[in-house]
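What follows is a set of notes on a single structure, which appears directly below.
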Amino acid sequence: MTKRKANNKSSDDLLASFGIDRYKSKANEKYMSKKQLNHFENILLTWQTQLEEEAGKTVNHMQEESINYADPNDRASQESDFGLELRTRDRERKLLKKIQQSLHRIE
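Numbering (UniProt numbering), first residue to last: 1 to 107.
Listed below in structure tokens is the structure:
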């Protein structure tokens, strides 16, 4: 399987996980037609919802998992995990901004 086919397969899997079918354009269809814009708007809105839900879960997770460990190694491990999670959410926050800008351009 070529790399391009592998990428298409993984993007198809990702779309399927969102409950969205792959867009099949017609031979004479204009690029970024109204149907295509609606399709991509749907993808962006679904992605936005998923990222917002994940952000909410992070806050709850960090509050629930905030345990004051007596062992310094356990504390360091927990802080490292929290730091990684916060960096991930920061990247997702920046991605959310880009999604919102894209949605605004579609409108």
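All C-beta atoms, glycine included, are put in the ideal place defined by N, C-alpha and C.
Note that the structure is a prediction, hence the values are computed from the model and not measured.
C-beta atoms of residue i and residue j nearer than 9 Å
i	j	result
Ile106	Leu44	yes
Glu92	His61	no
Lys58	Arg89	At residue 58 the sequence reads Thr, which differs from the Lys that was named. Yes. Within cutoff.
Gln36	Ile99	no
Ser33	Ser25	yes
Boundaries (first-last residue) of the alpha helix (DSSP H) holding residue i
i	result
Lys94	72-106
Lys34	34-64
8 Å Cβ shell around residue i - same chain, five flanking residues per side excluded
i	result
Gly19	Thr46
Ile67	Gln78
6 Å Cβ shell around residue i - same chain, five flanking residues per side excluded
i	result
Leu51	Glu92, Leu96
Neighbourhood of residue i by C-beta distance below 7 Å, restricted to the same chain and skipping five residues each side
i	result
Asp81	none
Glu41	Leu103, Ile106
Residue i beta carbon near the ligand FMN (any heavy atom closer than 8 Å)
i	result
Lys98	No copy of the ligand FMN occurs in the structure displayed, which carries no ligand at all.
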